[in-house]
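Have a look at the structure below, then the notes.
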Amino acid sequence: MQDFRKCLSRLSRPRLLVRAARLGMTEYRRERDLRRLIATVHPPAPEAALARLLDEEERIETTRQRGDAAYSLTRHVDLLIALMAEFRLLSQRAGA
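Numbering (this note's numbering), first residue to last: 303 to 398.
If you want it as structure tokens, here you go:
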């Protein structure tokens, strides 16, 4: 979990994106959202989900920084929501 904490703390994203993601966490539904974001039938364990979400978020961040027309703000916020929610779930399980 320490590695994920380190990875998440190194993310430097615009404050507005992070704020939108924090606000959106209340609507996060693991089964529904992971299926859409990482193309999986059954949600993986939080560790596996975080690894895949980090990879996908890195790709979309690169697209954003390049100014590519394929960039999707909505998808980026959704990925950040999922990252935050999965990390919270992992932290809760570690503390239990």
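Using N, Cα and C, we set each Cβ at its ideal position, and we do this for glycine too.
*Is Pro345 closer than 7 Å to Arg331 when the C-beta atoms are compared?*
no
- Query: When you compare each of Leu382, Thr342, Glu363 to Glu329 by their alpha carbons, which one comes out closest?
  - Reply: Leu382
**Request:** Please list, in chain order, all residues of the same chain as His378 whose beta carbon is under 6 Å from its beta carbon, the five residues on each side excluded.
**Result:** Ile362
Per DSSP, what kind of secondary structure is Val343 in: helix, strand or coil?
-> coil
According to DSSP, is Met303 part of a helix, a strand, or is it coil?
Confidence at Met303 is low in this model, with a pLDDT of 47, below 50, so the placement of that residue is unreliable and no value is reported for it.
TODO: Please list, in chain order, all residues of the same chain as Arg321 whose beta carbon is under 6 Å from its beta carbon, the five residues on each side excluded.
DONE: none
Between the Cα of Ala323 and the Cα atoms of Leu392, Glu388, Arg334, which residue gives the shortest distance?
Glu388
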